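To start, the structure under review is shown below, and the notes come after it.
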Amino acid sequence: MKRIMATIMVAMTAVLIGINLVYYYTTRDTLIQNQEEHISGILAQVGTSIENLKASERFYEVMLSEKLRMAAIAAQYALPHDIEDVSNEQLVEIRDKLGLEDITLFTYIDGQITGNKSSDPKEIGLKTITWGDGTWHSMFDQLLQNHDVELIEHFGEKLKNYWGGPIDTSTSNPDQIVKWGYYNDGTTNYLIDPYVSDSSFVEFQETAGLNSSIDKLIDDNPYITQIAVINENVLEKGEETIRKGTVWLSDKLVTYGKYNLQTPADKKFVQEAFRKNKTMSKIIEIDGKEYLNFYAPTSFKNYIKDDLIIIITSDFAKIQSSLNEQILRIATVSVLCLLFGLGIILIVTRYIRKQGMVILKVQDAYSENLDSLFNAIKEYRHDFNNHLFMLSGLASMKKHDDLNAYIKQLTNSQSVISDIINVNIPAFYGLLQAKSVYASEKGIALKYHFEGFEGIRLDMMKVTDLVRVMGNIIDNAFYAVEDKDTPDKQVELYAKVNNGMLTFQISNNGKPIPKEHIGQIFNHGFTTRKDQGGSGIGLAVCKKVIQSYKGELKVKSDPNWTIFTAEIPLPQMVG
1 MKRIMATIMV
11 AMTAVLIGIN
21 LVYYYTTRDT
31 LIQNQEEHIS
41 GILAQVGTSI
51 ENLKASERFY
61 EVMLSEKLRM
71 AAIAAQYALP
81 HDIEDVSNEQ
91 LVEIRDKLGL
101 EDITLFTYID
111 GQITGNKSSD
121 PKEIGLKTIT
131 WGDGTWHSMF
141 DQLLQNHDVE
151 LIEHFGEKLK
161 NYWGGPIDTS
171 TSNPDQIVKW
181 GYYNDGTTNY
191 LIDPYVSDSS
201 FVEFQETAGL
211 NSSIDKLIDD
221 NPYITQIAVI
231 NENVLEKGEE
241 TIRKGTVWLS
251 DKLVTYGKYN
261 LQTPADKKFV
271 QEAFRKNKTM
281 SKIIEIDGKE
291 YLNFYAPTSF
301 KNYIKDDLII
311 IITSDFAKIQ
321 SSLNEQILRI
331 ATVSVLCLLF
341 GLGIILIVTR
351 YIRKQGMVIL
361 KVQDAYSENL
371 DSLFNAIKEY
381 RHDFNNHLFM
391 LSGLASMKKH
401 DDLNAYIKQL
411 TNSQSVISDI
421 INVNIPAFYG
431 LLQAKSVYAS
441 EKGIALKYHF
451 EGFEGIRLDM
461 MKVTDLVRVM
471 GNIIDNAFYA
481 VEDKDTPDKQ
491 VELYAKVNNG
501 MLTFQISNNG
511 KPIPKEHIGQ
521 IFNHGFTTRK
531 DQGGSGIGLA
541 VCKKVIQSYK
551 GELKVKSDPN
561 WTIFTAEIPL
571 PQMVG
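Taking our numbering, the leading residue of the sequence shown gets 1, the next gets one more, and so forth.
In structure tokens form, the structure reads like this:
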């Protein structure tokens, strides 16, 4: 009998261990898959932010090029047409009058385009043949010979008789980031090069705030330890320095975010991600600690040839800790089931010894109890798997409200679940979720209502544009009510689709817009918040986006309410 008991105990223990092992690896794979799906959403968010920032940077560089071209034309009118008749002192005077960083005149010297005259002595004699592997010299040669250029994609801006070089590190002053403009219309025998320094560009990037957005994503996601947007070409060949050990802006490894957790294997995984053109996930080890890395190639270019890739690093130890907690719970229950089963077996065995006459009946009872034990274990495991698969399924179908409700029911945690919006555009819901959290933190009453959106479909680009416009105007509404001294701070969003027209109104009861500012509110660069970091770009971009869809953006303001209204013809926006 003892041998039978020992055999049964070993068998049951082996079965429980097997069940737990299967459960462990199934749960581990499910957790990793859930993390991958979660990271996919973050990757999409970062990608959209990069896209928006690149578009803004592009718009900003075009604006700078237009100003530099006007400065070059002004300089041409003030200077003699022959380089021999121009003095460096004249260039200093023109530089100061036009508010430039400096101005240089380039000509052919010994067959190479070289700095001939300049307001900066360090520019004189500067040879351009090696700049950008000869691409800059080629653009200069086209301007001097043809007074026009054949533009290379992702490489500067082309205007009449003008080419604007991309913002980069200055060769003569490596401590500066510079935007250059080059002009020649055939009137002069030299190339006019006015340029401005990095202060305005740095201010613009800080205003755009992609790095701060990345930091917030990390703060809001405890599993994520770093997000980096890096230059794939530089990762492969390494950063190159110029004088004083300075790295070219275009040759920096990290474009956005931080890249402190690196491993030599990153090169191989990045190449694999680009080769397969899809996001790759790998478990890596750095300083004895495991991380789950995601490598996501993007469609964006950094200058001419450099591809950008997003690397998101998750702390695998935290994922493992969550898994261990679940395994500990199921193991505890399994042991209790095992002890319970063994207790039953002991009772039945003693009863058999005392009741030898009814041994067959006792054996039947023993078998039934043993089957019951196995069924109880299987049902318990099945119940745990059901919970996990339910969570996984809800996450895969992006049914976030149902997912939150289910988790809340399981864990009894207190979380704030937003009201369900009856709208078929998840991006709008995501925007309002984010804004609702901010409004709640700031004591702002945010109300919203969508009507008639059930049957429409918008393509992702147009949805992105609308989210950008709505988000910008809602942010401005928040700024307006935050300046109020009273606690009555209200922001309302009303959106409606009717008669082929999409209309949305964003209202706030904050400080009204002065009448003299109403006509300027959509002008590029106009802002009433300069002392608070306002750039005057947001509303101008919003109006331009709405007009691109043949729509109209208006504003009216009285002492009680300020209302922004956008109207967009619907047929051009149906996906």
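Just so you know, even glycine gets a beta-carbon here, dropped at the ideal spot from N, CA and C.
Predicted model only: the values in this text are computed from it and were never measured.
Item                                                                                                                                                                           : Value
Would you call Asp-120 buried or exposed, if buried means 16 or more other Cβ atoms sit within 10 Å of its Cβ?                                                                 : buried
Rounding to the nearest angstrom, what Cα-Cα distance links Met-357 and Asp-402 in this structure?                                                                             : Confidence at Met-357 is low in this model, with a pLDDT of 48, below 50, so its placement is unreliable and the value that follows should be read with caution. Between Met-357 and Asp-402, the C-alpha separation is close to 58 Å.
So who's on the other strand from Lys-127, going by DSSP bridges?                                                                                                              : Thr-114
Where Phe-450 and Thr-503 are concerned, what is the direct C-alpha to C-alpha distance, given to the nearest angstrom?                                                        : 10 Å
If we require 4 or more residues per run, which alpha helix (DSSP H) segments fall completely within the region 30 to 103?                                                     : 88 to 98
For Pro-559, collect the residues of the same chain with a Cβ closer than 8 Å to its Cβ; drop the 5 residues on either side in sequence, then sort them by chain order.        : Pro-512
Given this structure, state the Cα-to-Cα distance separating Asp-85 from Gly-132, to the nearest angstrom.                                                                     : 31 Å
Find the nearest neighbour of Leu-576 within the set Ala-11, Tyr-183, Arg-95, Lys-117, judged by alpha-carbon distance.                                                        : Residue 576 lies beyond the residue range present for the chain, which begins at 1 and ends at 575; the question has no answer from this structure.
Is the beta carbon of Ser-65 sitting closer than 8 Å to the one on Leu-159?                                                                                                    : yes
Does the Cβ-Cβ distance between Val-481 and Val-467 come in under 8 Å?                                                                                                         : no
Leaving aside the five residues before and after Leu-98 along the sequence, list all residues of the same chain whose C-beta is less than 8 Å from its C-beta, in chain order. : Ala-71, Ala-74, Ala-75, Pro-194
Hey, would you say Gly-181 sits closer than 8 Å to Arg-69, going by beta carbons?                                                                                              : yes
Which one of Ser-392, Val-555, Glu-150 has the shortest CA to CA distance from Gly-519?                                                                                        : Val-555
Along the alpha helix (DSSP H) that carries Glu-441, what are the first and last residues, could you check?                                                                    : 426 to 442
Whole angstroms is fine: what's the gap from Asp-590's alpha carbon to Asp-483's?                                                                                              : There is no way to answer for residue 590, as the model of the chain reaches only from 1 to 575.
Since Met-280 sits in a beta bridge, which residues does DSSP pair it with?                                                                                                    : Tyr-295
To the nearest angstrom, report how far apart Ala-11 and Thr-30 are at their CA atoms.                                                                                         : 28 Å
Between Ser-413 and the rest of its own chain, which residues show a CB-CB distance below 8 Å, the 5 nearest in sequence each way excluded?                                    : Confidence at Ser-413 is low in this model, with a pLDDT of 32, below 50, so its placement is unreliable and no value can be given for it.
Is Asp-315 helix, strand or coil by DSSP?                                                                                                                                      : strand
Nearest-angstrom Cα distance between Pro-264 and Ser-314?                                                                                                                      : 17 Å
Comparing the C-beta of Asn-404 with each C-beta of chain C, is any distance below 8 Å?                                                                                        : Of the protein chains in this structure there is only one, and it is not chain C.
Smallest Cα separation from Asn-233: which of Ile-129, Leu-308, His-154, Asn-498?                                                                                              : Leu-308
Taking the alpha-carbon of Ala-445 as reference, which of Ile-456, Thr-486, Asp-465 has the nearest alpha-carbon?                                                              : Thr-486
So, for Asn-293: in the same chain, excluding its five sequence neighbours on each side, which residues have a beta-carbon less than 6 Å away from its beta-carbon?            : Lys-282, Ile-284, Thr-313
Which first and last residues belong to the alpha helix (DSSP H) in which Lys-216 is found?                                                                                    : 210 to 220
So, using beta-carbon positions, are Lys-447 and Ile-474 closer together than 8 Å?                                                                                             : no
Between Ile-227, Lys-179, Leu-253, which lies nearest to Lys-237 when the distance is taken from Cα to Cα?                                                                     : Leu-253
In terms of DSSP beta bridges, what is Tyr-494 paired with?                                                                                                                    : His-449, Gln-505
Since I believe Lys-543 is in contact with Phe-522 (beta carbons under 8 Å), could you give me their beta-carbon distance rounded to a whole number of angstroms?              : 4 Å
For Asn-52 and Ile-224, what's the separation of their Cα atoms in angstroms?                                                                                                  : 23 Å
Using only alpha-carbon positions, find the residue among Lys-179, Phe-316, Ile-425 that is nearest to Glu-290.                                                                : Phe-316
Buried or exposed: Pro-297, going by 16 or more other Cβ atoms within 10 Å of its Cβ?                                                                                          : buried
Measure the Cβ-Cβ separation of Val-46 and Ile-214 and say whether it is below 8 Å.                                                                                            : yes
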